[in-house]
Every structure is written in C-alpha cells, then in structure tokens.
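Chemist: Residue numbers (our numbering): 435 to 551.
We treat Cβ as the ideally placed atom computed from N, Cα and C, and that holds for glycine.
Here it is, the structure in full.
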Amino acid sequence: MNSGLVRSLAFNCHQLLAPAQECSDKMSTAIGGVSDYWVDMGGEEFKQHCTEWIKKMNQFKAAIVQIESEMMSYATELQRTEEAEAARVKEAQRQASEKAAAEAAAAAAAKKTGKIK
435 MNSGLVRSLA FNCHQLLAPA QECSDKMSTA IGGVSDYWVD MGGEEFKQHC TEWIKKMNQF
495 KAAIVQIESE MMSYATELQR TEEAEAARVK EAQRQASEKA AAEAAAAAAA KKTGKIK
C-alpha cells in the first residue's frame, strides 16, 4: 500500500460526509414540521426516532472525520518512508555508478600500462 492509495481512500471517506449531513438535515426538517396535532397522534414517537437517527448520523460523521484524519496521518508517514526509500535507492545507484566508473578508469589505466588484470 502506498501513500497515494491511502490518500484516495481517505478522500472516499470524506465523500460520505455530505450525504450524512444531508440525511441529518432532512430529519431535522422533518421533526421541525410536526405540529401539535401530529404529536398527539404518534408524532412524538416519530420525533424521538428522528432525534435518535440525527444523533447516530452525528456519531457517524465524527467517526468518518476521525478515520479520515488518521488515514491522512498514515499517508503522510508512508510518504516519508517512500521518499526515504527513493533517496536510498538513488544514493545506491549513484555509488554503483561511481564504482563502475572507477573500475573502468582503473581498467583503462592498467591497459595503458600493460598490466591487464
């Protein structure tokens, strides 16, 4: 798993927030429109169910925000590791290139002096 994939997954989590907020808003609107007449006819129970659902949506949104935050932190940590590994590989390649150049120069010098290995 790389940092880009983790960031993408975090973004997917973030996209859940708007529909959750919309659901919560619709429930709030629904219970705001319940008149006293409907309260006496079971509307109070409806209000309670909606209020409970709103609480669950708020908990869901908080959990998603927490997960998204932790995923972004993990992505940052992965990115640092990836960058360190890329730097290590680049340095190893540079050293290998220098070693090959030094060996080639030594072989050329030995060939000129007649001392071929």
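Does the stretch 487-494 come close enough to the stretch 445-459 to have 3 or more Cβ pairs within less than 8 Å?
Modeler: Segments in contact, yes.
Chemist: Using DSSP with H/G/I as helix, E/B as strand and the rest coil, what is residue 467?
Modeler: Reduced to three states, the DSSP call for residue 467 is coil.
Chemist: Provide the residue span of the alpha helix (DSSP H) that contains residue 476, from first to last.
Modeler: Neither: residue 476 is in no alpha helix (DSSP H) and is coded neither H nor E.
Chemist: Report, in whole angstroms, the separation of the C-beta atoms of residue 511 and residue 444, which I expect to be a contact under 8 Å.
Modeler: No, residue 511 and residue 444 are not in contact; Cβ-Cβ is about 13 Å, not under 8 Å.
Chemist: What's the gap between the Cα of residue 541 and the Cα of residue 548?
Modeler: In a straight line, the C-alpha of residue 541 is about 10 Å away from that of residue 548.
Chemist: Tell me where the alpha helix (DSSP H) around residue 438 begins and ends.
Modeler: 437-448 is the span of the alpha helix (DSSP H), which, as asked, contains residue 438.
Chemist: Measuring alpha carbon to alpha carbon, tell me which residue in 527, 507 and 515 is nearest residue 442.
Modeler: Ranking 527, 507 and 515 by Cα distance to residue 442 puts 507 first.
Chemist: Only counting the same chain, and skipping five residues up and downstream in sequence, which positions put a Cβ closer than 8 Å to that of residue 447?
Modeler: Cβ within range, chain order: 498, 501, 502 and 505.
Chemist: For residue 462 versus residue 516, is the C-beta spacing smaller than 8 Å?
Modeler: No, the Cβ-Cβ distance between residue 462 and residue 516 is not below 8 Å.
Chemist: Just how far apart, CA to CA, sit residue 544 and residue 531?
Modeler: Answer to the nearest angstrom: the Cα atoms are 20 Å apart.
Chemist: Kindly indicate which residue of 523, 529, 509 and 522 has the alpha-carbon position closest to the one of residue 439.
Modeler: Checking every option, the nearest Cα to that of residue 439 belongs to 509.
Chemist: Is the separation between the beta-carbon of residue 481 and that of residue 451 shorter than 8 Å?
Modeler: No, the pair does not count as a contact, with Cβ atoms beyond the cut-off.
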